[in-house]
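Engineer: Protein chains in written order, with our numbering: chain G, 1 to 140; chain Z, 1001 to 1140.
Number of protein chains: 2
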Amino acid sequence: MSSAHRIGSLLTTEGHRLTTGRRAVVEAALASDDLFSVADVQRLVPRIGRATVFRTMRLLVDLDLVCRVRLEDGSLRYRLRVAPEHHHHLVCTGCGSVEDFSDCGVDAVSKTLAGRTKYEIQGHRLELYGLCPTCCVSSG
Amino acid sequence: MSSAHRIGSLLTTEGHRLTTGRRAVVEAALASDDLFSVADVQRLVPRIGRATVFRTMRLLVDLDLVCRVRLEDGSLRYRLRVAPEHHHHLVCTGCGSVEDFSDCGVDAVSKTLAGRTKYEIQGHRLELYGLCPTCCVSSG
DNA sequence: CCCCTCAGTGATACCTGGTATCAGTTTCAA
DNA sequence: TTGAAACTGATACCAGGTATCACTGAGGGG
Ligand SMILES: [Mn+2]
Ligand SMILES: [Mn+2]
Ligand SMILES: [Zn+2]
Ligand SMILES: [Zn+2]
Chain G
1 MSSAHRIGSL
11 LTTEGHRLTT
21 GRRAVVEAAL
31 ASDDLFSVAD
41 VQRLVPRIGR
51 ATVFRTMRLL
61 VDLDLVCRVR
71 LEDGSLRYRL
81 RVAPEHHHHL
91 VCTGCGSVED
101 FSDCGVDAVS
111 KTLAGRTKYE
121 IQGHRLELYG
131 LCPTCCVSSG
Chain Z
1001 MSSAHRIGSL
1011 LTTEGHRLTT
1021 GRRAVVEAAL
1031 ASDDLFSVAD
1041 VQRLVPRIGR
1051 ATVFRTMRLL
1061 VDLDLVCRVR
1071 LEDGSLRYRL
1081 RVAPEHHHHL
1091 VCTGCGSVED
1101 FSDCGVDAVS
1111 KTLAGRTKYE
1121 IQGHRLELYG
1131 LCPTCCVSSG
């Protein structure tokens, strides 16, 4: 069973209709780079309306099938959610490739900070930026 | 010597002109909430052109007089830079108030991750979200 | 202190990325 | 097969930010 099929099944079991538009967007997401934008998807499915692409991306995020990655400049990228537990991203500023990591060590800091500030801490966002081995060499 | 004056001096010593527009924007920033948007500033100086407000904010950021804070939804806020060294923000999701903190403990994680992934890590962004003591009580 | 110059201004148009609307279409359960 | 309603997509719209460019005023040299 292909990823596309699995995602399709999940859509229907969650009570959503499996339309051609959604199928196309899912295929495009699967065929995209590690880190892709809505624009990337649109390019792959030019016959599907812009609004539908945005709506479908939101749906996939809501269903935890893809995750949003916010870049340094504030722009959004998407990525198939292969690591569904709490995790963060190490993003290559050269080529955009991404490494997931989960042992962020922020919880300890959160606790300390909660004590000091009396805030009730609800969560955090952490992203690391750097150059992947390939980009390291070619820029080095 | 007021903050406005100090900022004005810094502008001129850095070779920028101290125009009425810039003065007004600085005054507005000083009069604003802890965490303010460009729109907040615009509301306070409606006679100053939109472009000028944006340009002045960028100038203030470039001069390290204010820092940008990216909210969970990706939108930008500004804040007078009282803690100019490397630091992060603990943002109240209730009222928007902010605590700075600097001992984020991410460098250790960076080192570990650099070893494991062979990335050359350049930096990170960390933001914590929670409820400040006041909002804690009122939502409690 | 008064010019002159050029940094700065602001109206306007434009751009990107995303949402609201709504008449028309398609899905899918009955 | 059929109909309710979920979905679509053209379009208009919005927010936030930038490019342009004729005009202006800040402020240093004379
Ligand atoms: Mn991820
Ligand atoms: Mn700060
Ligand atoms: Zn790379
Ligand atoms: Zn609060």
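Just so you know, even glycine gets a beta-carbon here, dropped at the ideal spot from N, CA and C.
1) Measuring straight from C-alpha to C-alpha, what distance separates residue 34 (chain G) and residue 1111 (chain Z)?
2) According to a CB-to-CB cut-off of less than 7 Å, which residues of the segment 116-140 of chain G neighbour chain Z?
3) Under 8 Å between the Cβ atoms of residue 1119 (chain Z) and residue 92 (chain G)?
4) Starting from residue 74 (chain G), find everything on chain Z with Cβ-Cβ shorter than 8 Å and list it in chain order.
5) Run through DSSP, which three-state label would residue 120 (chain G) get?
6) At 3 residues or longer, what runs of the beta strand (DSSP E) sit wholly inside the segment 25-95 of chain G?
7) Please confirm whether residue 1097 (chain Z) and residue 1067 (chain Z) have their CB atoms less than 8 Å apart.
8) For residue 39 (chain G), which of G:50, G:88, G:137 has the nearest alpha-carbon?
9) What is the residue span of the beta strand (DSSP E) that residue 1099 (chain Z) lies within?
10) Under 8 Å Cβ to Cβ from residue 4 (chain G), same chain only, skipping five residues before and after it: list those, please.
11) What is the DSSP secondary structure of residue 1006 (chain Z), reduced to helix, strand or coil?
12) Name, please, each residue of chain Z whose Cβ falls closer than 7 Å to the Cβ of residue 105 (chain G).
13) Going by beta-carbon coordinates alone, are residue 90 (chain G) and residue 123 (chain G) separated by less than 8 Å?
14) Buried or exposed for residue 1019 (chain Z), going by 16 or more other Cβ atoms inside 10 Å?
15) Are the C-beta atoms of residue 113 (chain G) and some chain Z residue less than 8 Å apart?
16) Can you tell me the Cα-Cα spacing of residue 1088 (chain Z) and residue 1103 (chain Z), whole angstroms?
17) Just how far apart, CA to CA, sit residue 1053 (chain Z) and residue 1021 (chain Z)?
18) With H, G and I counted as helix, E and B as strand and the rest as coil, what does DSSP make of residue 1128 (chain Z)?
19) Measure how close the beta-carbons of residue 70 (chain G) and residue 1074 (chain Z) come, nearest whole angstrom, since I'm counting them as under 8 Å.
20) Do residue 131 (chain G) and ligand 6 come close, with the Cβ less than 7 Å from some heavy atom?
Structural biologist: Answer, in terms of the structure:
1) For the purposes of this step, residue 34 (chain G) is taken as residue 34 along the first sequence, with counting starting at 1. For the purposes of this step, residue 1111 (chain Z) is taken as residue 111 along the second sequence, with counting starting at 1. Residue 34 (chain G) and residue 1111 (chain Z): Cα-Cα distance of roughly 24 Å.
2) 117, 118, 119, 120, 121, 122, 123, 124, 125, 126, 127, 128, 129, 130, 131, 132, 133, 136
3) Locating residue 1119 (chain Z) in the second sequence gives position 119, counting from the first residue. Locating residue 92 (chain G) in the first sequence gives position 92, counting from the first residue. Taking 8 Å as the Cβ cut-off, residue 1119 (chain Z) and residue 92 (chain G) qualify as a contacting pair.
4) In the first sequence, residue 74 (chain G) corresponds to position 74, counting from 1. Going along chain Z in sequence order, the residues near residue 74 (chain G) (Cβ under 8 Å) are 1070, 1074, 1076.
5) Start at 1 with the first residue of the first sequence, and residue 120 (chain G) comes out as number 120. Strand, per DSSP.
6) 66-70, 76-80, 88-92
7) By one-based count along the second sequence, residue 1097 (chain Z) stands at place 97. By one-based count along the second sequence, residue 1067 (chain Z) stands at place 67. Against a cut-off of 8 Å, the Cβ pair of residue 1067 (chain Z) and residue 1097 (chain Z) comes out as no contact.
8) Here residue 39 (chain G) corresponds to residue number 39 of the first sequence, with the count starting at 1. The shortest Cα separation from residue 39 (chain G) among G:50, G:88, G:137 belongs to G:50.
9) As a position in the second sequence, residue 1099 (chain Z) is number 99, starting the count at 1. That run of the beta strand (DSSP E) goes 1098-1101.
10) Indexing the first sequence from 1 puts residue 4 (chain G) at position 4. These residues qualify, in order along the chain: 23, 26, 27, 30.
11) The residue labelled residue 1006 (chain Z) in the question sits at position 6 within the second sequence. Of the three classes helix, strand and coil, the one that applies to residue 1006 (chain Z) here is helix, per DSSP.
12) One-based indexing of the first sequence puts residue 105 (chain G) at position 105. Result: 1105, 1108, 1109.
13) Residue mapping note: residue 90 (chain G) aligns to position 90 of the first sequence, counting from 1. Residue mapping note: residue 123 (chain G) aligns to position 123 of the first sequence, counting from 1. No. Outside cutoff.
14) Position 19 of the second sequence, counting from 1, holds the residue named residue 1019 (chain Z). Exposed is the call here.
15) As a working mapping, residue 113 (chain G) is identified with position 113 in the first sequence. For residue 113 (chain G), the answer is yes, since a Cβ of chain Z falls inside 8 Å of its Cβ.
16) Indexing the second sequence from 1 puts residue 1088 (chain Z) at position 88. Indexing the second sequence from 1 puts residue 1103 (chain Z) at position 103. The alpha-carbon atoms of residue 1088 (chain Z) and residue 1103 (chain Z) are separated by roughly 9 Å.
17) As a working mapping, residue 1053 (chain Z) is identified with position 53 in the second sequence. As a working mapping, residue 1021 (chain Z) is identified with position 21 in the second sequence. Near 8 Å, if we compare the C-alpha coordinates of residue 1021 (chain Z) and residue 1053 (chain Z).
18) Within the second sequence, residue 1128 (chain Z) is the residue found at index 128, counting from 1. DSSP places residue 1128 (chain Z) in strand when its eight states are reduced to three.
19) In the first sequence, counting from the first residue as 1, residue 70 (chain G) sits at position 70. In the second sequence, counting from the first residue as 1, residue 1074 (chain Z) sits at position 74. Correct: roughly 6 Å between the Cβ atoms.
20) With respect to ligand 6, the structure offers nothing, as its ligand set consists of ligand 1, ligand 2, ligand 3 and ligand 4.
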